[in-house]
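Inspection log for the structure reproduced underneath, given as C-alpha cells.
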Amino acid sequence: MTNNKQHTTNNKQQIAYGSWKSPITSDLIVAGAIRMGSVVLDGDDTYWIEGRPAEAGRNVILQRTSDGKLTDMIPAPFNARTRVHEYGGGAVAVKQGKVYFSNSADQRLYQQNPGSEPQPLTLEAKACYADGIIDSLRGRLICVREDYSDDSREPVNSLVSIVLSLESRELDVGKVQVIACGSDFYSSPCLSPDNSQLAWLSWNHPNMPWDGTQLWVADIQEDGTLGEAQLVAGGVDESIFQPQWSPTGVLYFVSDRTGWWNLYRWQPNGGGVEPLWEMAAEFGLPQWVFGMSTYGFESENRLICTYSQDGISYLASINLQSKQLEIIETPYTSIASLQVTRGRAVFIAGSATEPNAVVQVNVGTGEITVLRKSAELEISPGYISTPQEIAFPTEEGLTAYGFFYPPQNQDYQAPTGEKPPLIVKSHGGPTGATSGTFSLKIQYWTSRGFAFLDVNYGGSTGYGREYRERLQGKWGIVDVDDCVNGAKYLVEQGLVDGERLAIAGSSAGGYTTLAALTFRDVFKAGSSHYGISDLEALVKDTHKFESRYFDGLIGVYPERKDLYEARSPIHFADQLSCPVIFFQGLEDKIVPPNQAEMMVEALKAKGLTVAYVAYEGEGHGFRRAENIKRTLDEEFYFYSQIFGFEAAEGKVELRRSN
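For the sequence shown, the working numbering assigns the number 92 to the initial residue and increments by one for each residue that follows.
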C-alpha cells in the first residue's frame with residue numbers, strides 16, 4: 092500500500108497520487124451534463140439535439156429563438172435517434188418551424204408542428220431513416236432508408252422520398268418512393284438552389300466511407316424521379332465528404348485525392364473539378380454518423396469552414412472569388428457540426444478549459460455568443476489539467492501523437508520522488524480521433540493524481556490519409572504499438588510510474604486495450620468498455636455498415652481466418668497476467684455481450700483478478716446517468732486496489748468475479 096501520510100507544504104497537503112480528494116465527482120459529471128450535436132438552422136432560429144443522461148439518455152430537439160428563448164421541441168418519451176448504420180446521426184430536419192425526426196423506440200419518422208403533438212409520417216415497418224432534407228417545391232422529404240424487411244439478406248439501403256402534408260395529396264402523406272438504389276450505402280442528399288438537381292454520395296462493400304465514395308448528380312424529373320446520374324468525383328480510393336450546393340448553383344465537396352481532405356468545387360456543363368484551397372489539413376471527417384458538416388455558405392461569395400491540423404480545429408473564411416483563406420479567431424480547439432447562414436455560423440465547440448457548447452459567431456464582427464453549455468461548471472482552474480500535445484517515437488522509425496494530461500489539484504502535491512500512475516486511453520473507431528477538448532471524465536482522473544495519455548495512434552484521422560492508412564492490415568498491431576510506446580515515452584521522460592501503467596478503451600479502443608494487455612507486458616491493469624475480444628465472432632455477428640470494415644483492417648474473412656485468430660485476445664488469455672475490469676451494455680448490437688463474457692470466463696479460469704459490470708437497457712455506449720456514474724467510480728476503485736493507494740472518498744462495492 093502506498094504511503095498516504097499527509098504533510099503540508101506551501102499550503103498544499105503532501106499525499107500520494109491517487110489519494111487526492113477532488114471536487115470533480117461522478118455526481119458532478121452526470122448532474123446536468125449533456126451531449127450536444129446535429130445543429131440545424133432555420134431562419135433566425137437554431138436547433139440542436141441534446142442527449143440527457145438524467146432522462147435515461149433521451150435525445151431531445153431544442154430550439155433557440157433569436158431572442159434567446161429555449162424550447163424542448165419534442166415531448167417525452169419521444170427520443171430523436173435513428174439506427175441507420177447503428178451509429179445513427181442525421182435524425183432531424185427543420186423547415187419553416189416544422190420539425191421532422193426519427194424516433195428511437197419505433198424508428199418511424201414524425202412531423203412536429205409548433206404547439207402540437209408529433210404525428211407519424213411513416214408506417215410501422217422494419218425500416219429506419221436518416222439524413223433527411225426537405226424538398227419544399229414537391230412537398231416531400233428526401234432521406235436515406237435502411238430496410239430490414241427481408242430477414243434472409245442484409246438490410247437494403249436506398250434514397251427515398253416521403254410525401255409530406257399537402258392539401259391536394261392528403262391521402263398520399265407518408266408514401267415512400269425509392270429514388271436511388273443499387274449501391275450498398277447512401278448518404279448526404281442535397282438539393283440545388285433551384286430544386287432541379289439532387290447530389291448524393293454512395294459507396295459499396297468492402298469500402299468504408301473514409302476509404303472511397305462516389306459523388307453523383309442527377310436531374311429531378313417532373314414526376315420527382317431522378318434522371319440519369321452523372322459521376323462527379325470519387326472512387327474506391329478517393330473519399331468524398333459533404334457535397335453542398337452554393338447559392339449560385341455550384342457543387343462543392345471535400346475530397347482526399349491529394350492525401351488530405353480538402354475543399355473542391357464542380358462546375359457543370361464541362362467546367363470540371365477544381366480545388367478551392369489546398370493545404371496539409373483535414374476539412375473532412377470519417378462518416379461514422381450522418382449529418383456531419385464542416386463548411387457552409389455565408390453568401391454567394393463567402394464560405395465559412397472548419398479544419399483540423401495536429402488534432403486542433405480552426406475556423407476560417409474562404410473568399411469564393413479570390414480563393415483566399417482567412418482564419419477567424421476563436422478560443423476553441425474543437426469545432427463540429429458547423430452550420431452557416433448569412434451573417435452567422437453556429438457549431439459545437441470546446442477548448443482545453445471549456446466543455447462543449449453550442450456557439451454562434453457573427454462572421455462580420457467576430458463576436459462570439461455561447462447559446463448553450465453542455466455543463467454549468469464552477470470549478471477552480473487549480474483543479475484543471477491542461478493537455479499537452481505530444482509526439483513520440485514508435486515502430487519503424489515513425490511518429491505517433493497524443494494529448495498528455497499531468498496530475499493537477501490545487502490542494503495536493505505528491506511526496507518527493509513519487510511519480511503518478513498513468514492511464515493510457517485508446518479511442519474507438521478505430522478510424523477516429525481524440526482531441527484536447529475539456530473532458531470532465533479525464534479531469535476526474537487527473538484531479539485525483541493520475542496522469543492521462545489520450546493517444547491518436549496510427550490509423551487515427553486528422554493527420555492525412557497516409558497516417559489513417561497505417562492501420563490497414565495491421566489493426567491490433569500498430570494501435571497497440573503506439574499505445575505501448577506512448578506509455579514508455581512518458582516513463583522515459585520521468586513523468587509517470589512505470590510500475591503503475593493502465594490502459595483503457597471502449598469498443599474498438601477496448602479491443603486495443605485487451606490486445607495490449609494480452610500481447611504486451613507493459614501495462615499492469617486495464618479497463619475494457621464494451622471491447623472486442625474475439626475478432627472472428629465479431630466479423631460473423633456484426634451489422635451491415637461494418638461487416639466488411641475488417642477486410643481492410645485485418646484481412647478478408649474467411650480467407651484470412653488465421654489473422655483473426657492470431658489477433659484475438661480470447662485465444663491467448665493464458666498470456667494475460669494482470670487484472671482487468673469489464674463494462675458492458677446488455678443490449679449492445681455492435682459488440683455483443685458475449686465478447687466480454689467469454690473473456691471474463693477465461694480470466695476467471697486462470698484465477699486472475701477480474702470484474703464484470705453489465706448494464707440492463709444499455710447498448711453501445713452508456714447513456715443513463717446512474718451507469719455513467721457507476722462506471723467511473725468502479726473503475727477508479729478497481730485501480731486503487733491494484734495500484735495500492737487509498738481512495739479519498741472511501742470505497743465502493745466492486746462486483747468482482749475473482
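Quick reminder that beta carbons are idealized off the backbone N, C-alpha and C, glycines included.
What does DSSP give as the partner residues of Y655 in its beta bridges?
DSSP, once it has assigned bridges, lists no residue as partnering Y655.
Please classify R236: does DSSP put it in a helix, a strand, or coil?
R236: strand per DSSP, three-state reduction.
I'd like to check one pair, G564 with G646: are the Cβ atoms closer than 8 Å?
For G646 and G564, yes; Cβs fall inside 8 Å.
Euclidean distance between Cα positions of I681 and N204:
Their backbone Cα atoms lie some 34 Å apart in a straight line.
Of the residues L654, Q479, K532, the one placed nearest E726, counting alpha carbons only:
Nearest option by C-alpha distance: K532.
T137 in three-state terms, based on DSSP:
Residue state, collapsed to three classes: strand.
Tell me which same chain residues have a C-beta within less than 6 Å of the C-beta of H176, skipping the five on either side of it?
Result list for H176: F636, in chain order.
Boundaries of the alpha helix (DSSP H) in which Q353 is found, first to last residue
Checking the displayed sequence, the identity of residue 353 turns out to be Asn instead of Gln. N353 -> not in any alpha helix (DSSP H); beta strand (DSSP E) instead, spanning 353-358.
Is it buried or exposed, L153, if we count other Cβ atoms within 10 angstroms and call 16 or more buried?
The Cβ neighbour count for L153, taken over all protein chains shown within 10 Å, is at least 16; the residue is labelled buried.
To the nearest angstrom, how far is the alpha carbon of S259 from that of S207?
Note on S259: pLDDT 44, under 50, position unreliable in the model; no value is reported.
Residue range of the unbroken alpha helix (DSSP H) whose run includes D226:
Note, D226: premise wrong, no alpha helix (DSSP H); beta strand (DSSP E) at 218-226.
Does K631 pass the burial test, meaning 16 or more other C-beta atoms within 10 Å, or should it be called exposed?
Flag for K631 reads exposed.
Given D572, which residues of its chain have a CB within under 7 Å of its CB, disregarding the five upstream and five downstream residues?
Result list for D572: T485, E486, in chain order.
What is the rounded straight-line gap between the Cα of Q312 and the Cα of G457?
Answer to the nearest angstrom: the Cα atoms are 43 Å apart.
Given L629, which residues of its chain have a CB within under 6 Å of its CB, disregarding the five upstream and five downstream residues?
Around L629: I623.
Can you give me the Cβ contacts of I225 inside the same chain, cut-off strictly under 7 Å, excluding the 5 residues immediately before and after it?
If we look at I225 and ignore the five residues flanking it on each side, its Cβ neighbours are A184, K186, L232.
In this structure, how does DSSP classify M690 when only helix, strand and coil are distinguished?
Note: M690 maps to helix in three-state DSSP.
Cβ separation of V345 and W352, assumed to be a contact under 8 Å, to the nearest whole Å:
Confirmed, Cβ separation roughly 5 Å.
Over the uninterrupted beta strand (DSSP E) stretch that includes L289, give me the two end residues.
Its beta strand (DSSP E) spans residues 288-294.
Round the Cβ separation of T250 and P280 to the nearest angstrom and send it over; I've been treating them as touching at under 8 Å.
Here residue 250 turns out to be Leu, not Thr, going by the sequence shown. The beta-carbon separation of L250 and P280, rounded to 6 Å, stays under the 8 Å limit for a contact.
Sufficient close CB pairs (3 or more, under 8 Å) joining the region 380-392 to the region 443-453
Judged by Cβ distances under 8 Å, the region 380-392 makes no contact with the region 443-453, as fewer than three pairs qualify.
Check N170 in the structure and name its three-state DSSP category.
If DSSP states are grouped into helix, strand and coil, N170 belongs with coil.
Please indicate yes or no: does the CB of R393 lie closer than 7 Å to some heavy atom of the ligand ATP?
Among the components of this structure there are no ligands whatsoever, and the ligand ATP is therefore not found.
Pair within 8 Å by beta-carbon distance, Q675 and A687
For Q675 and A687, yes; Cβs fall inside 8 Å.
Give me the Cα-Cα distance between R539 and E740, rounded to the nearest whole angstrom.
The alpha-carbon of R539 is positioned some 10 Å away from that of E740.
Which word fits P670, buried or exposed, when buried means at least 16 other C-beta atoms lie within 10 angstroms of its C-beta?
By the neighbour-count rule (16 or more Cβ atoms within 10 Å), P670 is buried.
Do three or more CB pairs link the region 460-469 to the region 413-427 at distances below 8 Å?
With the cut-off at 8 Å, the region 460-469 and the region 413-427 do not touch.
Answer with buried or exposed for Q358, where buried requires no fewer than 16 other C-beta atoms within 10 angstroms of its C-beta.
Label assigned to Q358: exposed.
Buried or exposed for P246, please, with buried defined as at least 16 other CB atoms from any protein chain shown within 10 angstroms of its CB.
Buried: at least 16 other Cβ atoms inside 10 Å.
By the three-class DSSP mapping on this structure, what secondary structure does S252 have?
In the structure shown, S252 sits in a strand (DSSP, three-state: E or B).
In whole angstroms, what separates the C-alpha of L317 from that of P168?
Spanning the two alpha carbons is a distance of roughly 37 Å.
Around the Cβ of N102, are there at least 16 other Cβ atoms within 10 angstroms (buried) or fewer (exposed)?
Around the beta carbon of N102, fewer than 16 other beta carbons lie within 10 angstroms, which makes this residue exposed.
Decide if L161 is buried, meaning its Cβ has at least 16 other Cβ atoms within 10 Å, or exposed.
Its Cβ having fewer than 16 others within 10 Å, L161 is exposed.
Grab me the residues of R433's own chain with a C-beta within less than 7 Å of its C-beta, minus the 5 sequence neighbours each way, in chain order.
E389, S390.
Just how far apart, CA to CA, sit Q451 and I409?
Each residue's CA atom was taken as its position, placing Q451 and I409 some 18 Å apart.
Contact between the region 537-557 and the region 513-523 is defined here as three or more beta-carbon pairs at a separation below 8 Å; is this criterion met?
Contact between the region 537-557 and the region 513-523 is present, with at least three C-beta pairs closer than 8 Å.
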